[in-house]
Structures are given as C-alpha cells and as structure tokens.
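Numbered according to the working numbering, the sequence shown spans residues 251 to 721.
Built from N, CA and C at the ideal position, the CB exists for glycine as well.
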Amino acid sequence: MSKLWGGRFTKKTDQLVEEYTASIMFDKELAEEDVQGSLAHVTMLGKCGILPEDDVEKIKDGLHKVLQMIRRGALEFTIGDEDIHMNIEKALMDEVGPVGGKLHTGRSRNDQVATDMHLYLRKRAVEVVALLAKLQEALLTQAKAHPDTIIPGYTHLQRAQPILFAHHLMAYVSMFQRDIERMQDSYKRIDVLPLGAGALAGTTFAIDRHFVAQELGFTRVYENSLDAVSDRDFIVEFLSNASLTMMHLSRLCEEFVLWSSTEFAFVELDDAFCTGSSIMPQKKNPDVAELVRGKTGRVYGNLFGLLTVLKALPLAYNKDMQEDKEGMFDTVRTLQGALQLFAPMVATMKVNKERMRQAVNQDFSNATDIADFLVGKGMPFRQAHEVIGKIVLYCIQNKKYLLDLTIEEFGGFSKLFDPRIYEVLQPEHVVNARNVYGGTAANQVAEAIGRADKQLAETTAWIDQYAAKNK
Ligand code: ARG
C-alpha cells in the first residue's frame, strides 16, 4: 500500500530518505499511548456528530484489535510507514477497511504525537516518584537501625566534625524529597492536552477538546494551538529533573565507593550488588554504584541534546522535534534502572559501626568543641581558634589525640580549661551538642526521621491518586 500522504507525490521516496526520516524504530514505544489517544479522539468525533456512531464503533473495535496484536508482538512495524502513528493507522485500515481512514478527521500527527508524549511522561513521572519514595524508605530504615552510630563528617574530604551516620543518610532523604516535589510540580505541566490543535491552527470541525481531555484524564487543555504542537518544555523539565536525581544518586554512589573501600571500610555492599574481577580473585567491586555514577553523564547529555534541538526552532512543528524521543526513552530507562537498583542496594548494605567508631576516635574532629568550650568561658572565638590550632599541632608533633592530653597539658595552653573538657570531647557529647533544628543531635535526627515519615506518607497518597488517574 502506498504512503498515507502519497497523493501529492509523483515519485517514490528515496530508500535512504525513508530510512533516515523514519522514527518507528524507537517511537513504537508509544504504541499504547497512541491507541489510547485515538480511542478518545474517535469517541469525541462520534459524540460531536462528526462521525456516525457505527463508524466510531468499527474504528474503536479495530483499534482494540490492533492494540492486542501489538501486545502479542504480532504486528510487524515497517519503516515504509514511517512512525508509530501511521503504522497503527495502516494496521487499523487493514483490520476494518476504508472506514479506518476516518479516524484522522480533525487531527494532525503534530497534535497526535504531542498527546502521545504527554500521556507517556505522565505515567513515567508517577513511576519515578514511586521509585524515589522506595529509595527514601530504604534510607529511612537504615537511619532508624543506626540511631547512635557516629561517623566522621567531612568537608574537603577531610574529617571535620563527628555526626550521626543517620544524619548523613537523612541528608539524602532531603535531596530525594526535593526530587519528588520537582517531579510532582512538573506533572502539572505534563498534565495538559495538546489534541485539537490540529497541525498548528486548530481545526474546522466542531470538536470538543475538553471532552477529550476528560476522557484521557487531563486536567487542562493547551490554551494556544501553536504552543500545543511546539511545546516540548515538559520533556526538557523531565530530563532536567532526571539529571538532578542522577546527580544526587551519583554523589551517593561516590560515598558508597569510598565507604566500601578497604581504606574506609565503613560499609559493605551486599554480594548481590557487586561483581568480581576476572583476574584478581580477592576483588569485590561496587560496579552498580560506579555505573550509576557513569550513566549520569548520558542523562545530562540527553538534556542538553534536547535543549539544543529546540534552540532557535521557529513555531510550530518542525521535523527536528522527532529528535525529542530517543533521549527521553533512554533517560527513562537509565533513571528508572538506577532507582530500581538503589533501594535494595541501600537496604542490604551492612554498616560497620566499630570501624566508624575507630575512625571517629582517631581524629581531631572534636576540635571545634574545645573552641566552643573556651568561648563559653568568655574567650573570643578567634582567640580560641588560635589556641586550639596550637593544641592540635602539639598533638600531631607528640602523636596524641585530644582526649590523650592531661589536664596539665591543656592548662599549658589556657588557664580556662577544667576537667569537664574530657566530657565535652566525647564524640556523643560533640554530636548531641549540635542540638539545633536540622542539626546532628540524636533527638534532632529522630525528629527529622519523624517528619520524613510523614512526608513519605503524603507521597504515597499522591502516588495512589495519580497512578489511578493514569490507568
Ligand atoms: N514522527 C513524527 C515525530 O515524532 C510525528 C509527527 C510528524 N509530523 C509531521 N508533520 N511530519 O515528530
């Protein structure tokens, strides 16, 4: 059968052009959404009296059959039919005959493809929120299992101040919470229907766009027909959100790679999430963490790819925009794959509490607290800072830690010291002294966990509501 748009042409399309311009190799991923959109469109055509009801029924019947064939893998897609929209329309006509040709009444592939993408990303956004919530849950479970485990906190990757391990994990819970909220916010802009914009200007048929929106569960319709078919902001936003989440995951990956090294030995990742070396039998490599860190690059690349495609494109549809798909599908796969692995990897991670304690005991991360002690006794902070600097230097030169110093040694640096300094320098004391909202004190971390549990419950309710809308 010839091309659906073949009427104006006298020559066959060049074979290479056909291959170069086709998108069916990748946009077949939109098959479900394409049929979903067509069903709503044809229902509306019937309701508005644009098509007789028995044509509508035949077309709907045919679309259901085509969808079943696609699901069974029984429909052979062809490059000659260019993209998913025309492959499905062809299959429909093979199924129901020429009446199938009435489906495209009052519609263009431009508003059709945009609608498919909105339907597709709406589902993916809800799935990503659900995966992020699962990861938060795994982090929260680990945080609750280690209410009093202390690690050195770092700045510049140098030991800075001791903190609760749970506090460190809760920082990631906060980061993923922002990712969830960003995804929920951008959902509002995915949840808009372009269909009815036609090729660019609207349509001469008396269609009902709001009815189609309702059928497909869209909250709003695009205000402007040109914008409806030209807008890919919602995909850029998704790719941008995905980039931020991958960046967060990549930072956590780096911590896991460091923490699971022999040098740190703070955690051990489960065997199921590591791989061995083909030559060095002793090795257990944190491959998943490394690969998620590595794949972050391609997600950034996809974001920049699309921004660059859209830059300087005149309104309305341009074929360039077909380039919006592969990067989007790849991002969905990469992001969802990473999140799926991360939750169980965090949940099964073993925490080496003793080793963490050993690290905390063998550093100067309690130095700030001596300064705060002297400040409490009336010494200006800058002067205290200078005194502690000298004490630390003395310790390094004499191979001692702060808690090894005698009260006489302390006294040599300032008369303000008294034996209470030994209590002040205990890691538990150092941690619990940071008793401000959002700080590392055990009671503050417990409250943060409580707040995160509440947020997680709200996220779960959101997921339930929006997953149902996308059924
Ligand atoms: N395959 C096309 C795309 O993904 C569908 C829209 C084609 N529209 C057109 N006017 N050629 O962008």
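Asked                                                                                                                             : Found
Start and end residues, beta strand (DSSP E) containing residue 699                                                               : Residue 699 -> not in any beta strand (DSSP E); alpha helix (DSSP H) instead, spanning 692–719.
Spatially closest choice to residue 674 from 615, 707, 711, 640, by CA coordinates                                                : 615
Check: residue 363 C-beta below 7 Å from any heavy atom of the ligand ARG                                                         : yes
Alpha-carbon to alpha-carbon, residue 466 and residue 520                                                                         : 43 Å
4-residue-minimum alpha helix (DSSP H) runs that sit fully inside the stretch 600–627, ordered along the chain                    : 603–611, 617–626
Buried or exposed by the 16-neighbour rule on C-beta atoms within 10 Å, applied to residue 479                                    : buried
The ligand ARG heavy atom lying under 7 Å from the CB of residue 335                                                              : yes
8 Å contact criterion, which residue 228 and residue 702 should meet: CB distance rounded                                         : The question about residue 228 has no answer, for the chain in this structure spans 251 to 721.
Three-state secondary structure (DSSP) of residue 448                                                                             : coil
Residues near residue 426 by beta carbon distance below 8 Å, same chain, minus five either side                                   : 382, 385, 386, 389, 495, 498
Inter-stretch contact (C-beta, 8 Å, three-pair minimum) for the stretch 690–700 and the stretch 390–401                           : yes
Closest by C-alpha distance to residue 401, when choosing among 261, 463, 608, 670                                                : 608
DSSP-derived helix/strand/coil call for residue 409                                                                               : strand
Distance, residue 290 Cα to residue 719 Cα                                                                                        : 15 Å
The stretch 354–361 in contact with the stretch 433–450 per 3-pair CB rule at 8 Å                                                 : yes
Burial state of residue 538, where buried means 16 or more other Cβ atoms lie within 10 Å                                         : buried
Rounded straight-line distance, which links the Cα of residue 337 to that of residue 566                                          : 24 Å
Bounding residues of the alpha helix (DSSP H) (the contiguous stretch that carries residue 374)                                   : 359–395
Distance between residue 681 and residue 663 (C-alpha atoms, nearest Å)                                                           : 25 Å
Candidates 693, 330, 311: closest to residue 269 by CA position                                                                   : 330
Exposure of residue 491, with buried meaning 16 or more beta-carbon neighbours within 10 Å                                        : buried
Neighbourhood of residue 315 by C-beta, 7 Å cutoff - its chain only, sequence neighbours within 5 removed                         : 345
Own chain partners of residue 709 with C-beta closer than 7 Å, once the 5 adjacent residues on each side are dropped              : 379, 383, 430
Check: residue 571 C-beta below 7 Å from any heavy atom of the ligand ARG                                                         : yes
The ligand ARG heavy atom lying under 7 Å from the CB of residue 480                                                              : no
Where the alpha helix (DSSP H) through residue 632 begins and ends                                                                : 631–647
Chain-order list of residues whose beta-carbon lies under 7 Å from that of residue 276 (same chain, five-residue window excluded) : 575, 576, 579
Residue 421 versus residue 597 - alpha carbon distance                                                                            : 16 Å
Identity of the residues DSSP links to residue 655 by a beta bridge                                                               : Answer by DSSP bridge pairing: none, since residue 655 is not bridged.
Cα-Cα separation between residue 332 and residue 278, rounded to whole angstroms                                                  : 10 Å
Option nearest residue 295 by Cα separation, candidates 354, 542, 686, 407                                                        : 354
One or two residues paired with residue 470 in a DSSP bridge                                                                      : 442
Burial state of residue 473, where buried means 16 or more other Cβ atoms lie within 10 Å                                         : exposed
Cut-off 8 Å between Cβ atoms - residues of its own chain near residue 432, not counting five sequence neighbours on either side   : 491, 494
Residue burial classification, residue 255 (beta-carbon count within 10 angstroms, cutoff 16)                                     : exposed
Coarse secondary structure for residue 403, derived from DSSP in three states                                                     : strand
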